[in-house]
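Written out below as structure tokens is the structure these notes cover.
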Amino acid sequence: LLSLIFCPSSSSSSSWDEYRPVLFPSLLFALSILTSTLFERYRHSASSDLHALHRPVHDDEWNVSHPALRRTHAYLSEYACRRVDGYCHPDLLPVPSRRTHRARVDIPPGAVLLVLPRALQVWDLDALRDDWVRRRLLGARHDGGSGGGGNFVDSGAYLAAHLARWRMLGRRRRRRRGSEYRGST
281 LLSLIFCPSS SSSSSWDEYR PVLFPSLLFA LSILTSTLFE RYRHSASSDL
331 HALHRPVHDD EWNVSHPALR RTHAYLSEYA CRRVDGYCHP DLLPVPSRRT
381 HRARVDIPPG AVLLVLPRAL QVWDLDALRD DWVRRRLLGA RHDGGSGGGG
431 NFVDSGAYLA AHLARWRMLG RRRRRRRGSE YRGST
């Protein structure tokens, strides 16, 4: 088809010469519509994971045999809501795959949904009260390149370091307790 447009044979009729100036722009227009359609389809398929976040979730959508999700479910339904002076509205259901709760039915405005005790909340202020974080990280800056002197790090960085340190110390304590137990037998 392109060879007919650009290199017509000598046997072409004079009517072909009339349509030739219109045929190439029409072909370009059709090609641009096809490309645009394919691009839109790819864009929507690439963002399908984002749309999945806003899809309604049902309780039976999580794998009940997955150990991490079972622990998360127990934490959301039992520990955070009942055992440590916490409160969850009776119409809230845990969704362990998202580490959150969802409403079973419409909950009236002004109703208390969740009360999470302070002992279960870890804030960046807790991290800034930690001596280790204050001595080693307070005043830290982003690397400013060869000139140095970048911006101060965000308080979330202190919180991340604080939580990582808690995790490491917890593992060490568990290892020590395990070795003490093995040594006594």
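FYI, in the working numbering the residues of the sequence shown are 281 to 465.
Each residue gets a CB set at the ideal place from its N, CA and C atoms; glycine is no exception.
The structure presented is a predicted model; accordingly, all values stated were derived computationally and were not measured.
**Prompt:** Whose CA, out of G366, A348, P374, A444, lies closest to the CA of L356?
**Reply:** P374
**Asked** How is H346 classed by DSSP in three states: helix, strand or coil?
**Response** coil
**Message:** I need the straight-line Cα distance from F453 to W446, nearest angstrom please.
**Reply:** The residue asked about is misnamed: residue 453 is Arg in this sequence, not Phe. Near 11 Å, if we compare the C-alpha coordinates of W446 and R453.
**Request:** Quick one: residues in its chain with C-beta nearer than 8 Å to the C-beta of L396, no 5 flanking neighbours on either side, listed in chain order?
**Result:** A360, G366
**Prompt:** Straight-line CA distance for S435 to A441?
**Reply:** 10 Å
**Asked** At what residues does the alpha helix (DSSP H) containing V385 begin and finish?
**Response** Counting along the chain, V385 falls outside any alpha helix (DSSP H), and DSSP gives it neither H nor E.
**Request:** Given a cut-off of 7 Å, decide if F432 and R240 are closer than it, judged by their beta-carbon atoms.
**Result:** No statement about residue 240 is possible, as the shown extent of the chain runs from 281 to 465 and does not include it.
**Request:** Please work out which residues of its chain come closer than 7 Å, Cβ to Cβ, to D423, disregarding the five sequence neighbours upstream and downstream, and give them in chain order.
**Result:** G430
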